[in-house]
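Beneath this line is the structure, given in structure tokens, with notes to follow.
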Amino acid sequence: MAPRRHTPLAISLAYYRPGRAIERVCGGADGAGMVSAARALLAAVTRVLLLADMVVVRQLLLAKDKVARSLDRLESVSNFAEFVRAFTEFGGGMVELARLTAERRADLRDERRRAQVAAARNVLERSTLMLLTSSKTCMRHPGSASARENRDTVFCQMRRAMDLIHYVVRDGLPGHEEQSHELQPFSDSHEQAAQWEAGTALGALRGLTAQVRTARARGGADAVRRRALASTLRALVERTHDFTDSAYTSHDHRQRILALAERIAYELERLVAVAVSVEEQGASGSGAALESACAGATSAAGELERALVAAARDQARDLPPLAEDARRLATDLAYIGNPPRTLASSCGERESERLHNIASRLHEQLDHIIEVCKLLRHIAMSETLQVSAKFAEINLRIYGPQVVTAARTLAAHPGSAAARENLDVFVDMWAWLLTDAARLAKELLDLTDERPDKQQYSSLPRPGKHGTTSKPLKAVRLDSDEQAKIAKSGLEMKMMSSEMDAETEKWQGADENNDIVKRAKNMSSMAFAMYQFTKGEGRLNTTQDLFTQAEYFAEEANRLYKIVRQFSYQVPAGTMKKELLEHLDKVPTYVQQLQFTVKEPTVGRAATFSKVDNVIQETKHLMNVISKVVTTCFDCANKYKLDFTGLSAGGAGAGGRSSRDEDTAGGGGGDAKPGGSTSDTAM
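Residue numbers (full-length UniProt numbering): 1 to 683.
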């Protein structure tokens, strides 16, 4: 149910009337009137805050609905040109949704809700590129069941992520219950939400311990509390089955967990027997027996908690090598789709068998990693870690098998560039998921490490430094707060990168002799790497890596400018040439701005972060104009049947005007040298 619209006048009156009442009573001595007016003002402020929150919720839900409609349109398009237009519209909606969800997440007080919104945003951002490649593959090979499965899985996951955002934003508001069936597996029902903590072994153990302490404090337990103890014990035993039933839990850990579970059941039987005796007979002198039973149950619960943590830690240590093996298997899958030419005609059956074997091994590794994530959620000590473990398990379970599905598509169409690109993107997602699982394991290993923390002396000056040297510190990664601040700009750059990929895909069969396509694809790849940096992922690890990448990006734009300028001489005079030159003439300005921004010296963490933000913004502006240039080139080439053979950055010197334009694009003569500013302080 949408909230009512409220005008600024109505909101102003909500403040004005109680305020005037306070002003009137201040002139007299009516204390009761003062109290009444103050309460009215407080109520008015509360109403205004609620109205503002309703407006924010409405904006977010409208943005979510817009993205949902864009998804429906993307799913129903029948040709590639229509898909590109629909994807561009979808990208704009995604950027707005990302901005609003980031703001809403910052306003949420519930830790679990914040973590759920972050998980849903992660799914949407990471799925965007897979949506592009899987849809292209499905359009290129409409009869392929595996390609359609890839695409449908991505659409389904993105819709579930948006359902979760809807659920968190509405969170129990009227009209939400009837949609609960649409929210699985991402979201939980109201009853599940109330039992979230008890849904883990650690939560059940702590709930049981709290109930035992209550019984001790009250000197017994009535029938209701005894039933609650029995229910919690059953839940605890059920949770421990995930440990004891796992094929990867060692025999020693399994036996210890089973023994401790039996011991807890025995101690609780003693406690219940004493409580019944106290209730029925009012037996005196039973305090010692009750104390003994409570102490035994509490001690057994503590030992079981340590045993469960030890079992989960034992498997978590295996996760890094396990993830590395899984990455290698995914690489082998990618190779199967591109066998050596000497074997391509004679080893079809052998390659099919090899694909089956690798897929079986990959599924085994996947099952093991999912088991580890499940156990890690049981020992997670905060709701954020519980949510992270839950979604790591869900995403691995759903997206993991899709790597094999994408490989089957490529095996069926070995010459398909779209299928090859699709497999590469799914392999990248697989690597992301493995990295998430490994990071989660490391965090929980660190949190459950019983060794005392080492003393830190980071405030002391380092030998030979003393804070007076002008030599810069080594650049490091952005922290999570800094990543959040530039997340919107990073996502916008990612969307432009995807749009550029979609544009270059139109130039079918021209890659070998088309330097425009090569340069555009290089720039798209670099922009995507810079987007990954804003997420703390990818090959760019430090701020200096980002600045160096930005310089290479400017160089590539400079080369593309020269090639397109040469191409423009072939375009007949007219509206299309005018449009091409209008876009092209903007490139030198943006190249210079990016180069100047990269070379600007900075001192201090805040200044360096500001420089990072500016570099991302300038790269985004340059990427935007390059995308328009490439699109216009394609339209001109199609309309006038122009030839791209012989175009190159080195050949743009023909004609006096070209030489002057080259100097302009190069930032005042010559291409930029990579390396970045040497005076940037560490981030």
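From the three backbone atoms N, C-alpha and C, an ideal C-beta is built for every residue, glycine too.
(message) Quick check on the DSSP output: what are the complete alpha helix (DSSP H) runs of length 4 or more inside the segment 554–616, in order along the chain?
(response) 575–584, 587–599
(request) State buried or exposed for residue 391, treating a residue as buried only when at least 16 other CB atoms are found within 10 Å of its CB. (result) Here residue 391 corresponds to residue number 391 of the sequence shown, with the count starting at 1. By the 10 Å Cβ count, residue 391 comes out buried.
(request) Look up residue 45 in the DSSP assignment and say whether it is helix, strand or coil. (result) Here residue 45 refers to the residue found at position 45 when the sequence shown is read from its first residue. Note: residue 45 maps to helix in three-state DSSP.
(request) Whole angstroms is fine: what's the gap from residue 157's alpha carbon to residue 530's? (result) Position 157 of the sequence shown, counting from 1, holds the residue named residue 157. Position 530 of the sequence shown, counting from 1, holds the residue named residue 530. One C-alpha to the other measures close to 25 Å.
(message) Quick check: what's the CA-CA separation for residue 235 versus residue 367?
(response) To locate residue 235, count along the sequence shown from 1; it is residue 235. To locate residue 367, count along the sequence shown from 1; it is residue 367. Answer to the nearest angstrom: the Cα atoms are 24 Å apart.
(request) Using the Cα positions of residue 371 and residue 321, report the straight-line distance between them to the nearest angstrom. (result) On the sequence shown, residue 371 is found 371 positions in, with the first residue counted as 1. On the sequence shown, residue 321 is found 321 positions in, with the first residue counted as 1. Rounded to whole angstroms, residue 371 to residue 321 spans 15 Å at the Cα level.
(request) Measure the CB-CB distance between residue 304 and residue 264 and report whether it falls below 8 Å. (result) Working through the sequence shown from its first residue, we reach residue 304 at position 304. Working through the sequence shown from its first residue, we reach residue 264 at position 264. Yes, Cβ-Cβ distance for residue 304 and residue 264 is below 8 Å.
(request) Check whether the Cβ atoms of residue 416 and residue 496 sit closer than 8 Å, and answer yes or no. (result) Translated into the one-based positions of the sequence shown, residue 416 becomes position 416. Translated into the one-based positions of the sequence shown, residue 496 becomes position 496. No, these two residues do not count as a Cβ contact at 8 Å.
(request) Confirm, please, whether the CB-CB distance from residue 427 to residue 275 is below 8 Å. (result) Taking the sequence shown and counting its residues from 1, one reaches residue 275 at position 275. Taking the sequence shown and counting its residues from 1, one reaches residue 427 at position 427. Going by C-beta atoms, residue 275 is not nearer than 8 Å to residue 427.
(request) Compare the C-alpha of residue 632 against each of 517, 74, 588 and name the closest. (result) For the purposes of this step, residue 632 is taken as residue 632 along the sequence shown, with counting starting at 1. Checking every option, the nearest Cα to that of residue 632 belongs to 517.
(request) Would you mind reading off the limits of the alpha helix (DSSP H) that contains residue 77? (result) Taking the sequence shown and counting its residues from 1, one reaches residue 77 at position 77. Note, residue 77: premise wrong, no alpha helix (DSSP H); not H, not E.
(request) Run the CB neighbour count on residue 121, radius 10 Å, all protein chains shown included, and call it buried at 16 or more, exposed below. (result) Within the sequence shown, residue 121 is the residue found at index 121, counting from 1. Residue 121 comes out buried.
(request) Report yes if the C-beta distance between residue 549 and residue 526 is below 8 Å; otherwise report no. (result) As a position in the sequence shown, residue 549 is number 549, starting the count at 1. As a position in the sequence shown, residue 526 is number 526, starting the count at 1. Yes, the pair counts as a contact, with Cβ atoms nearer than the cut-off.
(message) Helix, strand or coil for residue 641? Go by DSSP, reduced to three states.
(response) As a position in the sequence shown, residue 641 is number 641, starting the count at 1. Of the three classes helix, strand and coil, the one that applies to residue 641 here is coil, per DSSP.
(request) Assess, as a yes-or-no matter, whether the segment 609–628 is touched by the segment 554–561 under the definition of 3 or more beta carbon pairs within less than 8 Å. (result) yes
(request) With DSSP collapsed to three states, give me the class of residue 248. (result) Looking up residue 248 in the sequence shown gives position 248. Note: residue 248 maps to coil in three-state DSSP.
(request) Report the rounded CA-to-CA distance for residue 363 versus residue 355, giving the unit in angstroms. (result) The residue labelled residue 363 in the question sits at position 363 within the sequence shown. The residue labelled residue 355 in the question sits at position 355 within the sequence shown. Rounded to whole angstroms, residue 363 to residue 355 spans 12 Å at the Cα level.
(request) From the DSSP output, in three-state form, read off residue 174 for me. (result) As a working mapping, residue 174 is identified with position 174 in the sequence shown. In this prediction, residue 174 scores a pLDDT of 38, lower than 50, which makes its location untrustworthy; no coordinate-derived value is stated.
(message) Relative to the C-alpha of residue 394, which candidate in 134, 358, 67, 433 has its C-alpha closest?
(response) Counting from 1 along the sequence shown, the entry for residue 394 is found at position 394. Ranking 134, 358, 67, 433 by Cα distance to residue 394 puts 433 first.
(message) Let me confirm a value: residue 308 is counted as buried when at least 16 other C-beta atoms fall within 10 Å, else exposed. Which label applies?
(response) Within the sequence shown, the letter at position 308 stands for residue 308. Label assigned to residue 308: buried.
(request) Report all residues from its chain with a CB closer than 8 Å to the CB of residue 325; omit the five preceding and five following residues, and keep chain order. (result) Against the sequence shown, residue 325 aligns to sequence position 325. Correct list, in chain order: 365.
(message) Closest to residue 404 by C-alpha separation, out of 296, 271, 581, 333, would be which residue?
(response) By 1-based counting over the sequence shown, the position of residue 404 is 404. Nearest option by C-alpha distance: 333.
(request) Could I get the ranges of all uninterrupted alpha helix (DSSP H) runs contained in the segment 199–285, with 4 residues as the minimum, in chain order? (result) 201–218, 223–244, 251–281
(request) Have a look at residue 442 and residue 539 and give me their C-alpha separation to the nearest angstrom. (result) In the sequence shown, the residue the question calls residue 442 occupies position 442. In the sequence shown, the residue the question calls residue 539 occupies position 539. Using only the alpha carbons, I get a separation of about 20 Å.
(request) May I ask you to report which of helix, strand or coil DSSP gives residue 150? (result) As a first step, residue 150 is located in the sequence shown; it is residue number 150 there, counting from the start. Note: residue 150 maps to helix in three-state DSSP.
(request) State yes or no: is the C-beta of residue 686 within less than 8 Å of the C-beta of residue 64? (result) This structure cannot speak to residue 686, because the chain is shown only from 1 to 683.
(request) Tell me whether residue 378 sits in a helix, a strand or coil according to DSSP, three-state version. (result) Residue numbering aside, residue 378 sits at position 378 when the sequence shown is read from its first letter. Three-state result, residue 378: helix.
(message) Once DSSP output is grouped into helix, strand and coil, what is the label at residue 415?
(response) Counting from one through the sequence shown, the residue named residue 415 turns up at place 415. Coil, per DSSP.
(request) Please state if the CB of residue 396 and the CB of residue 369 are separated by a distance shorter than 8 Å. (result) On the sequence shown, position 369 is the one that residue 369 refers to. On the sequence shown, position 396 is the one that residue 396 refers to. Result yes, Cβ atoms of residue 369 and residue 396 sit closer than 8 Å.
(request) May I have the straight-line CA-CA distance separating residue 213 from residue 229, to the nearest angstrom? (result) As a position in the sequence shown, residue 213 is number 213, starting the count at 1. As a position in the sequence shown, residue 229 is number 229, starting the count at 1. Near 11 Å, if we compare the C-alpha coordinates of residue 229 and residue 213.
(message) For residue 164 and residue 151, I'd like the C-alpha separation in whole angstroms.
(response) Translated into positions along the sequence shown, residue 164 becomes position 164. Translated into positions along the sequence shown, residue 151 becomes position 151. Those two C-alpha atoms are separated by around 20 Å.
(message) Using the Cβ count rule (16 or more neighbours within 10 Å means buried), how would you classify residue 558?
(response) Along the sequence shown, read from residue 1 onward, the residue named residue 558 stands at position 558. It counts as buried.
(request) Can you say whether residue 382 is buried or exposed, counting buried as having 16 or more other CB atoms within 10 angstroms of its CB? (result) Position 382 of the sequence shown, counted from the start, is the residue given in the question as residue 382. Residue 382 comes out exposed.
(message) I need the straight-line Cα distance from residue 604 to residue 204, nearest angstrom please.
(response) Your numbering for residue 604 matches position 604 in the sequence shown. Your numbering for residue 204 matches position 204 in the sequence shown. Straight-line Cα distance between these residues: approximately 48 Å.
(request) Would you mind giving the Cβ-Cβ distance between residue 409 and residue 137, rounded to the nearest angstrom? I have them listed as a contact below 8 Å. (result) As a working mapping, residue 409 is identified with position 409 in the sequence shown. As a working mapping, residue 137 is identified with position 137 in the sequence shown. Their Cβ separation, rounded to whole angstroms, is 6 Å, which keeps residue 409 and residue 137 in contact under 8 Å.
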